[in-house]
Amino acid sequence: MALAHAIDPVADAPVTTTVLFPAGLVGFPRWRRFQVVEDPETPEFALLQCLDEPSVSLLVAAVEPLVPSYLDHLGPGDQAALAALGVGARPDIDLYCTLTVHESSEVTANLAGPLVIDREAGCGTQVVLTDSTWPVRYPLGTVTE
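Residue numbering for the sequence shown follows this note's numbering, beginning at 25 and increasing consecutively.
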């Protein structure tokens with residue numbers, strides 16, 4: 025995977041929606057309000073910019089383009105949990121994973137804790153999978169200049 029450049033959270037970047045995570049993110053319950061910022065030069069990635077802690081932003085990507093078989097390899101309990109949130113049934117429901125670019129330039133995806141975002145309702149939740157073997161650090165490749 026080649027990551028051409030990082031997304032800069034600039035004021036004039038298009039903001040697709042403001043999203044409220046009522047329970048926050050796993051490990052960060054106070055981070056509840058976010059904006060999904062997309063850069064036309066890197067449409068496969070987005071920045072989840074925290075409005076409660078402006079110094080915090082997470083690089084995210086839609087799960088299915090990265091791992092096309094993702095939903096097919098979920099356990100029945102996890103499939104039911106995501107289906108109950110509308111994943112796969114409604115076009116305004118997005119399934120993202122957070123990405124980490126490590127010091128070694130390796131990029132990994134957290135597939136064990138996907139983010140479900142309902143753009144129409146402006147809300148989201150992080151689901152912790154309990155019935156699947158997807159890892160927290162799924163290797164995607166390295167960053168290239």
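Backbone N, C-alpha and C fix where the C-beta goes; we use that ideal spot for every residue, glycine too. The structure displayed is predicted, hence computed values, not measured ones.
{"query": "Same chain only: Cβ atoms within 8 angstroms of G146, ignoring 5 sequence neighbours per side", "result": "T41, T42, V43 and L44"}
{"query": "For V131 and L119, believed in contact at Cβ under 8 angstroms, the rounded distance", "result": "Contact doesn't hold; Cβ gap of about 18 angstroms is too wide."}
{"query": "Helix, strand or coil at V43 [DSSP, three-state]", "result": "strand"}
{"query": "Under 9 angstroms between C-beta atoms of V91 and I141", "result": "no"}
{"query": "Span of the alpha helix (DSSP H), counted from its first residue to its last, around E88", "result": "V87 to L90"}
{"query": "For G101 and A180, the rounded distance between their alpha carbons", "result": "For the chain, the structure presents residues 25 to 169; residue 180 sits outside this window and is missing."}
{"query": "Anticipated Cβ contact below 8 angstroms, V50 with G137, distance rounded", "result": "6 angstroms"}
{"query": "Boundaries (first-last residue) of the alpha helix (DSSP H) holding L106", "result": "P100 to A108"}
{"query": "According to DSSP, residues forming a beta bridge with P163", "result": "T132"}
{"query": "Buried versus exposed call for V185 [16 or more other C-beta atoms within 10 Å across all chains shown]", "result": "Not covered by the structure: residue 185. The range shown for the chain is 25 to 169."}
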